[in-house]
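Student:
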């Protein structure tokens, strides 16, 4: 079965330190990959996506993600964490199946990121 | 509008009551999605529209759930005879459609059934 894994339920980082939120996937073909962030009591906000091209994708709020095809990973990174980055982060994958189902996104379970001052 | 707009933001319903949740997608967006999200969990797919056509409703949990998008713009998710297990956040999202287009979410409608 196709799946997306976010192996860490929670990641704790000190403010100013680099952060990584991990995402690996198991889907057929070459998927499209997305990261979303959810602040408390808010909807999901789009951060960045990988479609094709450069494996390093830059997105909103200073976040970036690196696509690694051999490791089927799409880890989210930021060089210097801010307290305001504390939120719930979701990885999602569009597996590009048959044309009548290529709208589907497969979601990871989410990772709670806590940035401590 | 600039983003996906959902109303009401918060709804408390008595068990057995019918509720209707509205979604106004980004102008020009062909695709519209409804998701259900439990606290601290990822979104669970409910249904998908392409313009006015409901192409996938496989995620609707029971026949008490019904969604429509009659003119290919605003959508309504209706829940009949609400049960406590229906308590969740209902997220609407829209996109231009097609491969790789970003799906944009609304702020959600928080439903509590008492």
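Chains as they are written, first to last, in this note's numbering: chain A, 3 to 119; chain B, -1 to 112. From the three backbone atoms N, C-alpha and C, an ideal C-beta is built for every residue, glycine too.
What's the call for residue 32 of chain A, buried or exposed, on a 16-neighbour Cβ count within 10 Å?
Tutor: Within the first chain, residue 32 of chain A is the residue found at index 30, counting from 1. By the neighbour-count rule (16 or more Cβ atoms within 10 Å), residue 32 of chain A is not buried but exposed.
Student: Any idea if residue 105 of chain B is buried or exposed, counting beta-carbon neighbours within 10 angstroms, 16 or more meaning buried?
Tutor: Translated into the one-based positions of the second chain, residue 105 of chain B becomes position 107. Label assigned to residue 105 of chain B: buried.
Student: Give the range of the beta strand (DSSP E) segment to which residue 15 of chain A is assigned.
Tutor: For the purposes of this step, residue 15 of chain A is taken as residue 13 along the first chain, with counting starting at 1. It spans 12 to 16 - the beta strand (DSSP E) in which residue 15 of chain A sits, taken as one unbroken run.
Student: Comparing alpha-carbon positions, which option in B:84, B:103 and B:98 lies nearest residue 34 of chain A?
Tutor: Locating residue 34 of chain A in the first chain gives position 32, counting from the first residue. Taking only the C-alpha atoms, the option nearest residue 34 of chain A is B:98.
Student: Please report the Cβ distance between residue 35 of chain B and residue 111 of chain B, rounded to the nearest whole angstrom; I am assuming they are in contact, meaning their Cβ atoms lie under 8 Å.
Tutor: Counted from its first residue, the second chain places residue 35 of chain B at position 37. Counted from its first residue, the second chain places residue 111 of chain B at position 113. At roughly 15 Å, the Cβ-Cβ gap does not stay under 8 Å, so residue 35 of chain B and residue 111 of chain B are not in contact.
Student: Quick one: what does DSSP say residue 17 of chain B is sitting in, helix, strand or coil?
Tutor: Here residue 17 of chain B refers to the residue found at position 19 when the second chain is read from its first residue. Three-state DSSP puts residue 17 of chain B in a strand.
Student: Taking Cβ-Cβ distances below 9 Å as the criterion, which residues of the stretch 38 to 67 of chain B are in contact with chain A?
Tutor: From the stretch 38 to 67 of chain B, only 38, 39, 40, 41, 42, 43, 46, 48, 53 and 54 have a Cβ closer than 9 Å to chain A.
Student: Note down, in chain order, every chain B residue with its Cβ under 7 Å from the Cβ of residue 109 of chain A.
Tutor: Position 107 of the first chain holds residue 109 of chain A. The contacting residues are 40 and 41.
Student: Are the stretch 14 to 33 of chain A and the stretch 74 to 94 of chain A in contact at 8 Å, needing three or more beta carbon pairs?
Tutor: yes
Student: In three-state terms, what does DSSP make of residue 28 of chain B?
Tutor: Here residue 28 of chain B refers to the residue found at position 30 of the second chain. Three-state result, residue 28 of chain B: coil.
Student: Measure the alpha-carbon distance for residue 58 of chain B versus residue 119 of chain A and round it to whole angstroms.
Tutor: Within the second chain, numbered from 1, the residue matching residue 58 of chain B stands at position 60. Within the first chain, numbered from 1, the residue matching residue 119 of chain A stands at position 117. Each residue's alpha carbon lies about 42 Å from the other.
Student: Does residue 27 of chain A come within less than 8 Å of chain B when only Cβ atoms are used?
Tutor: On the first chain, position 25 is the one that residue 27 of chain A refers to. Judged by the 8 Å Cβ criterion, residue 27 of chain A is not in contact with chain B.
Student: Taking the beta strand (DSSP E) that residue 72 of chain B falls in, what are its first and last residues?
Tutor: As a working note, residue 72 of chain B is residue 74 in the second chain. No beta strand (DSSP E) contains residue 72 of chain B, which DSSP labels as neither H nor E.
Student: Report the residue from A:24, A:11, A:3 and A:60 whose alpha carbon sits nearest the alpha carbon of residue 114 of chain A.
Tutor: Looking up residue 114 of chain A in the first chain gives position 112. It is A:11.
Student: Given that residue 51 of chain A touches chain C, what residues does it touch there, using C-beta distances under 9 Å?
Tutor: In the structure shown, chain C cannot be found, because the protein chains are A and B.
Student: Using a Cβ-Cβ cut-off of less than 9 Å, list which residues of the stretch 39 to 67 of chain A approach chain B; keep chain order.
Tutor: Cβ proximity to chain B below 9 Å picks out 40, 43, 44, 45, 46, 47, 48, 51, 53 and 54 from the stretch 39 to 67 of chain A.
Student: Quick one: is residue 67 of chain B buried, meaning 16 or more other Cβ sit within 10 Å of its Cβ, or exposed?
Tutor: Numbered from its first residue, the second chain carries residue 67 of chain B at position 69. Classification of residue 67 of chain B: buried, given that the 10 Å Cβ count is 16 or more.
Student: Which first and last residues belong to the beta strand (DSSP E) in which residue 48 of chain B is found?
Tutor: As a first step, residue 48 of chain B must be located in the second chain, where it is residue number 50. Boundaries of the beta strand (DSSP E) around residue 48 of chain B: 41 to 48.
Student: For residue 3 of chain B, which residues in the same chain have their Cβ closer than 7 Å to its Cβ, ignoring the five residues on either side in sequence?
Tutor: The residue labelled residue 3 of chain B in the question sits at position 5 within the second chain. These residues qualify, in order along the chain: 22 and 104.
Student: Along the chain, where does the beta strand (DSSP E) that runs through residue 113 of chain A open and close?
Tutor: For the purposes of this step, residue 113 of chain A is taken as residue 111 along the first chain, with counting starting at 1. From DSSP, the beta strand (DSSP E) with residue 113 of chain A extends over 113 to 118.
Student: If you drop the 5 nearest sequence neighbours on each side, which residues of the same chain put their C-beta closer than 6 Å to that of residue 14 of chain B?
Tutor: Reading the second chain from its first residue, position 16 is the one you call residue 14 of chain B. Excluding residues within five positions, the ones whose Cβ falls inside 6 Å are 79.
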